[in-house]
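First the structure, in the form of structure tokens, and then the observations on it.
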Amino acid sequence: TSGFYIMVPEDDVINMDMTVEEAFKLIISGGIIAPQEHLKSDQRQKEIET
Numbered sequence: 001t002s003g004f005y006i007m008v009p010e011d012d013v014i015n016m017d018m019t020v021e022e023a024f025k026l027i028i029s030g031g032i033i034a035p036q037e038h039l040k041s042d043q044r045q046k047e048i049e050t
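In terms of full-length UniProt numbering, the sequence shown opens at residue 1 and continues consecutively.
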């Protein structure tokens, strides 16, 4: 595998309320795919009305 490992002070860590699956999707997608509840209101995708 490739990548890197970073150790940060605990005070700099932001705990997220997401599943392991959601976290992996976020990491693998480079942040493009994120659970809607974790996005700022102006970043949320607009629902398309049909």
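By construction, the Cβ of each residue, glycine as well, lies at the ideal position given by its N, Cα and C atoms.
Simplified DSSP state of Ile27, which is helix, strand or coil: Note: Ile27 maps to helix in three-state DSSP.
Gly30 to Pro9 span [Cα, whole Å]: Distance between Gly30 and Pro9, taken at the CA atoms: about 23 Å.
Between the CA atoms of Phe4 and Ala23 - distance to the nearest angstrom: The straight-line gap from Cα to Cα measures roughly 17 Å.
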